[in-house]
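Numbering (the numbering used here), first residue to last: 297 to 616. Where is the CB? At the ideal position from N, CA and C, for every residue including glycine. One structure below.
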Ligand SMILES: [Mn+2]
């Protein structure tokens with residue numbers, strides 16, 4: 297059963313009422329869910345007359361500015377201790393763990409997340425991996441306090457839901473998710489605009505990198521894993537960025553006859569990132585594989601980082 301968070305939502309409302317300066321925190325390498333979450337909260341909180349800033353260690357993603365324009369502040373440029381409360385949204389262990397120790401005891405910390413294995417503590421934790429996205433949780437919060445959802449909030453929340461459900465296609469697309477999406481669309485949120493920006497709007501450099509990844513993909517006949525590798529040279533030669541890697545594992549996972557996908561990509565000279573995807577009907581829990589390598593995530597979408605270097609030669613590739 298999903299946690300309904302009725303007590304937590306009341307506590308959050310109380311904290312908001314008693315805060316005049318609130319800092320919202322988005323995770324590093326921001327995606328549609330973290331962006332949608334902080335912007336939806338910002339819109340709602342500003343209407344209450346609160347002073348709101350958004351912090352993130354990375355800049356606002358350009359490709360989302362068309363749907364939901366926003367501005368991120370680099371944390372070092374803000375006086376972190378000047379806020380009454382701080383709300384971190386999504387993947388809270390991707391950046392917020394550096395801010396959390398800086399808070400003083402008077403400041404109230406809130407984390408809202410839907411990732412499993414979140415160990416970070418906070419004054420208020422709203423964490424349940426059964427939710428598709430943080431935007432789904434924030435939708436529930438806004439409904440619980442009878443807040444009005446305007447067009448901007450609707451677009452922000454639908455952005456997060458569409459991003460984290462892979463265009464309403466992943467197994468986390470529950471009946472609840474469809475119902476919420478439908479309500480947001482009734483408010484005027486645009487599926488086609490969001491899908492266009494998040495999934496379809498691909499630069500030629502992205503497609504070139506995907507091409508390389510697909511060309512190198514192999515299926516292991518024993519365990520039906522489909523695996524591919526990307527080196528730093530691949531990314532450089534295609535003039536792409538590491539952000540362009542995100543969707544490759546999902547696309548490979550759609551290949552018939554596979555049980556899960558693995559994309560290994562070189563991030564710096566000695567770090568390799570692994571991204572794993574599967575589907576419910578395939579009966580594989582990829583988070584177990586991620587745990588073996590010190591990573592984590594959801595049953596059907598997980599990741600890990602290992603030390604090593606991908607080396608390619610005529611016979612294929614290996615990790616040294
Ligand atoms: Mn998310």
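- By the Cβ test, the segment 455 to 468 is in contact with the segment 326 to 340, since at least three Cβ pairs between them sit closer than 8 Å.
- The alpha-carbon separation between residue 504 and residue 347 amounts to approximately 43 Å.
- Spatial neighbours of residue 331 in its own chain (CB-CB distance under 8 Å, excluding positions within 5 residues in sequence) are listed in chain order as 322, 356, 357, 360, 364, 366, 452, 455 and 456.
- Per DSSP, reduced to three states, the secondary structure at residue 608 is strand.
- When the beta-carbon positions are compared, residue 308 and residue 420 come within less than 8 Å of each other.
- Counting of Cβ neighbours within 10 angstroms places residue 562 among the buried residues, the total reaching 16 or more.
- In the pairwise beta carbon analysis, the segment 588 to 602 is classified as touching the segment 408 to 423: at least three pairs are separated by under 8 Å.
- According to DSSP, residue pairing for residue 594 in a beta bridge does not occur.
- Any heavy atom of ligand 1 within less than 6 Å of a residue's beta carbon puts that residue on the list, which reads 329, 386, 410, 429, 430 and 460.
- The Cβ atoms of residue 531 and residue 570 lie no closer than 8 Å to each other.
- Annotated three-state conformation of residue 347 is strand, per DSSP.
- In the pairwise beta carbon analysis, the segment 473 to 487 is classified as not touching the segment 508 to 527: fewer than three pairs are separated by under 8 Å.
- Non-local C-beta neighbours of residue 559 in its own chain, meaning closer than 6 Å and more than five positions away in sequence, comprise 524, 544, 545 and 571, ordered along the chain.
- Per DSSP, residue 508 is one residue of the alpha helix (DSSP H) stretching across 500 to 511.
- DSSP, reduced to helix, strand and coil, places residue 522 within a strand of the structure shown.
- Close CB contacts of residue 447 within its chain, under the 8 Å cut and outside five residues either way in sequence, are with 483, 484 and 485 (chain order).
- Only residues of its own chain outside the window of five on either side were considered, and among them 595 have a CB closer than 7 Å to the CB of residue 581, listed in chain order.
- Here DSSP, grouped into helix, strand and coil, assigns residue 488 to helix.
- Judged by DSSP secondary structure, residue 437 falls within the alpha helix (DSSP H) whose first and last residues are 430 to 440.
- The straight-line gap separating the alpha-carbon atoms of residue 473 and residue 398 is approximately 36 Å.
- Rounded to whole angstroms, residue 386 and residue 408 show a C-alpha spacing of 6 Å.
- Judged by beta-carbon spacing, residue 438 lies within the 8 Å limit of residue 340, meaning their Cβ atoms are closer than that value.
- DSSP places residue 453 inside the alpha helix (DSSP H), whose first and last residues are 447 to 460.
- In this structure residue 403 does not touch residue 369 by the C-beta definition: roughly 17 Å separates them, more than the 8 Å allowed.
- Between residue 575 and residue 316, the alpha-carbon positions lie close to 44 Å from each other.
- If you look at residue 354, you'll find it isn't in any alpha helix (DSSP H); DSSP assigns it neither H nor E.
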